[in-house]
Amino acid sequence: GVPRQVRPVVKREDRAVLMSLSRTLTHAEHGSNIMAGVSWMKPGEVSAWWSTEEEQPDDESIHYLGPVHEFFYLLSGRCTIEWEDSRLDFVAEDTAFFAPGWRYRISNTGTEDAAMVYAVTPPLG
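Each residue of the sequence shown is one higher than the last, beginning at 1267 in our numbering.
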């Protein structure tokens, strides 16, 4: 395909994932093998638990992505990603990467809004 400008496909404050997001690139809309977007959180906000595990968890409150690769690049703010018994603190210009097989959640642990770019492959939607 020809390079082109892409407008957000989905922009929402999603109660299911407890954070605001905008999908900017999807397979369904653009034929992309990567889904990408931006997300933002206010200070103190904590996302739902996400899963990139092979099998869908029995707990319906966990947002299941399937066995995907995912990364976050923090544009501004300070966040913490928690999983199992560990955590990763990251600040603006840090990147966090998850291969398939994880369950995690993200918290804005700073005093300002946090904004991040994310990408998932294979793509959702």
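C-beta: ideal position from N, C-alpha, C; glycine also.
Apply the 10 Å Cβ neighbour rule to residue i and answer buried if 16 or more other Cβ atoms are within range, or exposed otherwise.
{"i": "Glu1336", "result": "buried"}
{"i": "Ser1373", "result": "buried"}
{"i": "Ala1380", "result": "buried"}
Less than 8 angstroms between the CB atoms is what I'm expecting for residue i and residue j, so what's the real figure, rounded?
{"i": "Ala1314", "j": "Leu1284", "result": "5 angstroms"}
{"i": "Thr1319", "j": "Gly1367", "result": "The question names Thr, yet the displayed sequence has Glu at residue 1319. Right, their Cβ atoms sit about 6 angstroms apart."}
{"i": "Glu1350", "j": "Arg1371", "result": "In fact, because the Cβ distance is near 11 angstroms, the residues do not count as touching under 8 angstroms."}
Can you list, in chain order, the residues of its chain whose CB lies under 6 angstroms from that of residue i, leaving out five sequence neighbours each side?
{"i": "Ile1328", "result": "Trp1315, Ser1317"}
{"i": "Phe1338", "result": "Ala1362, Met1382, Tyr1384"}
{"i": "Arg1353", "result": "Thr1346"}
{"i": "Asp1355", "result": "Thr1346"}
Please say whether residue j and residue i have beta carbons closer to each other than 7 angstroms?
{"i": "Gly1297", "j": "Leu1287", "result": "no"}
{"i": "Asp1334", "j": "Arg1344", "result": "First, the residue type needs correcting, since residue 1334 is Val and not Asp in the sequence shown. Not in contact: Val1334 and Arg1344 (Cβ atoms no closer than 7 angstroms)."}
Looking at the unbroken alpha helix (DSSP H) that takes in residue i, where does it start and where does it end?
{"i": "Ala1266", "result": "Past the edges of the chain, shown from 1267 to 1391, lies residue 1266, and the structure says nothing about it."}
{"i": "Ala1358", "result": "Note, Ala1358: premise wrong, no alpha helix (DSSP H); not H, not E."}
{"i": "Ala1294", "result": "1293–1296"}
Got a sec? Which residues, its chain only, sit under 8 angstroms from residue i by beta carbon, not counting five neighbours each side?
{"i": "Ile1426", "result": "Nothing can be reported for residue 1426, as the shown portion of the chain is limited to 1267 through 1391."}
Residue range of the beta strand (DSSP E) that residue i falls in?
{"i": "Ala1365", "result": "Element bounds for Ala1365: n/a, residue is neither H nor E."}
{"i": "Thr1377", "result": "No beta strand (DSSP E) contains Thr1377, which DSSP labels as neither H nor E."}
{"i": "Glu1326", "result": "Note, Glu1326: premise wrong, no beta strand (DSSP E); not H, not E."}
{"i": "Gly1303", "result": "1301–1307"}
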